[in-house]
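Taking this note's numbering, the leading residue of the sequence shown gets 225, the next gets one more, and so forth. No residue lacks a Cβ here, since even glycine has one placed at the ideal position from N, Cα and C. One structure is given here, and the rest of the page talks about it.
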Amino acid sequence: MPVGLLFAWNTLGAQVAEPPSLLFVIPFVLLLLSIIALPGLIPHLWHSNRFKLALSLVLIALAAPGVALASTFHAFMEYTAFMAMVGSLFVVAGHIHIEGHWRGQPLSNAILLLAGALMANVLGTTGASMLLIR
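Structure, rendered in structure tokens:
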């Protein structure tokens with residue numbers, strides 16, 4: 225088997241979807257511009273209506289023609305599962321403290337990096353980073 229096929233075996237029968245139109249980006253750009261400009265221009269109106277504006281722009285993006293709601297729902301479910309995992313790791317790792325008298329020297333940094341790499345093999349990268357960030 226050629227080396228190129230080794231890395232592309234799962235995409236051989238897949239259909240490539242058309243990229244979304246650039247018009248699909250307009251609600252996101254409007255949201256970013258409103259976050260930048262509206263708090264300074266009309267602060268009272270912005271602070272009382274920012275969630276309504278964000279929700280309306282999301283609904284506009286979802287109601288745009290050509291949006292596949294099934295793929296959007298699938299992406300939302302994947303995101304929800306990922307956020308549940310990160311939240312549970314945060315709760316579990318929140319009470320674990322790794323203490324030591326570490327000084328900022330190359331050897332101690334290398335040892336800490338090695339410990340993080342070993343923990344990532346056991347706990348996964350997200351779990352190891354939750355432990356080492358605290």
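- Task: With DSSP as the reference, label A328 as helix, strand or coil.
- Result: As written in the sequence, residue 328 is Gly, which differs from the Ala given in the question. It is coil, neither helix nor strand.
- Query: So what's I266 in DSSP terms, helix, strand or just coil?
  - Reply: I266 falls in the coil class under three-state DSSP.
- In whole angstroms, what is the alpha-carbon distance linking L262 and A352? L262 and A352 have their alpha carbons spaced roughly 40 Å apart.
- State the DSSP-derived secondary structure class of S258, mapped to helix, strand or coil. DSSP places S258 in the helix class (H, G or I) of the three-state scheme.
- Message: Do F252 and A285 have their beta-carbon atoms positioned less than 9 Å apart in this structure?
- Response: In this structure, the beta-carbon distance from A285 to F252 falls below 9 Å.
- State the Cα-Cα distance for the pair F306 and L313, rounded to the nearest angstrom. Their Cα atoms are separated by approximately 11 Å.
- So what's H271 in DSSP terms, helix, strand or just coil? Reduced to three states, the DSSP call for H271 is helix.
- Message: My output table needs one value for I320: the three-state DSSP class, helix, strand or coil.
- Response: Coil at I320, not helix or strand.
- Query: Between G340 and L281, what straight-line distance do the alpha-carbon atoms span, to the nearest angstrom?
  - Reply: Per the coordinates, the alpha-carbon of G340 lies some 41 Å from the alpha-carbon of L281.
- Query: Short check: CB of L336 to CB of W326, under 9 Å?
  - Reply: Inclusion of L336 and W326 in the CB contact set at 9 Å is warranted, their separation being smaller than that value.
- Task: Note down the Cα distance separating M354 from G328, rounded to an integer number of angstroms.
- Result: For M354 and G328, the distance between alpha carbons rounds to 20 Å.
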